[in-house]
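The opening position of the sequence shown corresponds to residue 7 in the numbering used here, with each subsequent residue numbered one higher.
Glycine is no exception: its CB is placed at the ideal position from the N, C-alpha and C atoms.
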Amino acid sequence: MRIILLGAPGSGKGTVAEALRSACGFPKVSTGDLLREAVREKTPLGLVAAAQMGKGGLVDDATVLALLRERLAREDCRDGYVLDGFPRNLAQAGSLDALGLSGPEIVFDLRVSDQVVLERLASRRSCPRCEAIYHLVNKPPKKAGFCDVCGTALVQRADDTPEVIKERLKTYHAQTEPLVARYAAKGYLHRIDGDAPAGTVLRDVRRALDAALGRREGAGS
Ligand code: ADP
Ligand code: ZN
Numbered sequence: 007m008r009i010i011l012l013g014a015p016g017s018g019k020g021t022v023a024e025a026l027r028s029a030c031g032f033p034k035v036s037t038g039d040l041l042r043e044a045v046r047e048k049t050p051l052g053l054v055a056a057a058q059m060g061k062g063g064l065v066d067d068a069t070v071l072a073l074l075r076e077r078l079a080r081e082d083c084r085d086g087y088v089l090d091g092f093p094r095n096l097a098q099a100g101s102l103d104a105l106g107l108s109g110p111e112i113v114f115d116l117r118v119s120d121q122v123v124l125e126r127l128a129s130r131r132s133c134p135r136c137e138a139i140y141h142l143v144n145k146p147p148k149k150a151g152f153c154d155v156c157g158t159a160l161v162q163r164a165d166d167t168p169e170v171i172k173e174r175l176k177t178y179h180a181q182t183e184p185l186v187a188r189y190a191a192k193g194y195l196h197r198i199d200g201d202a203p204a205g206t207v208l209r210d211v212r213r214a215l216d217a218a219l220g221r222r223e224g225a226g227s
């Protein structure tokens, strides 16, 4: 089974992926996390990716696909996984189809307004070591400035500045949003109100997932 999370930057893909991992055991596969890891380790691929990420555009498809293939080949992805941040354009969606899959494919579109995105990303802090995500108001760490999971000092991501956020939103609307119609046409798409508080979003995702997997009792709304 493959769960794909679509949505603008700041729509909550990472939070949903993390919740699905702890509820269902499916690993979270985030191309953003994989790229940032490559950047931190200054691999040749990371050095190329850093420039593209810093401007708010997309890293080239071949680079991202190479990272993704390597990640999906790992044992923990055998029975299913949650994709956060991939596919991000039509070509990547085609590549994903070509990778094949056993079991269902379920797509969630986390719909958020640009205004909510701007507010959320300005208050977002993340752990440079384990990629845990915090929000200064809605989800503050227990000890101010430090990761609950691993204790590392939290940072504001280099691309969470107002100018780069604007570019990322543009990139999203131009290249990624068209995927919503693609997956809707296949009948795999579930629309979720991403402007809602995290608890509501997670409840809606769980309900839609249960319904999609045929556990339909109580699925009235
Ligand atoms: P967000 O969804 O908040 O923008 P991500 O962590 O998913 O954050 O991505 C950060 C950056 O990494 C993107 O702006 C882009 O440059 C790059 N990136 C992530 N996933 C992909 C992808 N599938 N294809 C190309 N570039 C990607
Ligand atoms: Zn951490």
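* How about residue 161: is its Cβ closer than 8 Å to a heavy atom in the ligand ZN? -> Within the sequence shown, the letter at position 155 stands for residue 161. No, the Cβ of residue 161 stays beyond 8 Å of every heavy atom of the ligand ZN.
* To do: Compare the C-alpha of residue 21 against each of 205, 54, 220 and 75 and name the closest.
  => By one-based count along the sequence shown, residue 21 stands at place 15. Closest in C-alpha terms to residue 21, from the list 205, 54, 220 and 75, comes 205.
* **9 Å Cβ cutoff met for residue 185 and residue 96** => Against the sequence shown, residue 185 aligns to sequence position 179. Against the sequence shown, residue 96 aligns to sequence position 90. In this structure, residue 185 lies near residue 96, with their beta-carbon atoms less than 9 Å apart.
* State buried or exposed for residue 37, treating a residue as buried only when at least 16 other CB atoms are found within 10 Å of its CB. => Translated into positions along the sequence shown, residue 37 becomes position 31. The residue is buried, with at least 16 neighbouring Cβ atoms inside 10 Å.
* Asked: CB residue 170 to CB residue 48, shorter than 9 Å?
  -> For the purposes of this step, residue 170 is taken as residue 164 along the sequence shown, with counting starting at 1. For the purposes of this step, residue 48 is taken as residue 42 along the sequence shown, with counting starting at 1. Cβ atoms of residue 170 and residue 48: not closer than 9 Å.
* Asked: So what does residue 245 bridge to, in DSSP terms?
  -> Residue 245 falls outside the range modelled here, since the chain spans only 7 to 227, and no answer is possible.
* Asked: When the Cα atoms are used, what is the spatial distance from residue 222 to residue 29?
  -> The residue given as residue 222 occupies position 216 in the sequence shown. The residue given as residue 29 occupies position 23 in the sequence shown. Low local confidence applies: a pLDDT of 46 at residue 222 is under 50, so the model's placement there is unreliable, and no value is given.
* alpha helix (DSSP H) segments (min. 4 residues) lying fully within the stretch 99–149 -> Those alpha helix (DSSP H) runs which fall completely within the stretch 99–149 and span 4+ residues are 120–128.
* Mind checking who residue 155 pairs with in its DSSP beta bridge? => As a working note, residue 155 is residue 149 in the sequence shown. None, per the DSSP bridge assignment.
* Using alpha carbons as the reference points, say which of 132, 166, 84 and 121 lies closest to residue 201. => On the sequence shown, position 195 is the one that residue 201 refers to. The shortest C-alpha separation from residue 201 is found at 121.
* Asked: Which residues share a DSSP beta bridge with residue 34?
  -> The count along the sequence shown starts at 1 and reaches residue 34 at position 28. Beta-bridge analysis with DSSP links residue 34 to 88.
* Asked: Are the CB atoms of residue 152 and residue 88 nearer to each other than 9 Å?
  -> In the sequence shown, residue 152 corresponds to position 146, counting from 1. In the sequence shown, residue 88 corresponds to position 82, counting from 1. No, Cβ-Cβ distance for residue 152 and residue 88 is not below 9 Å.
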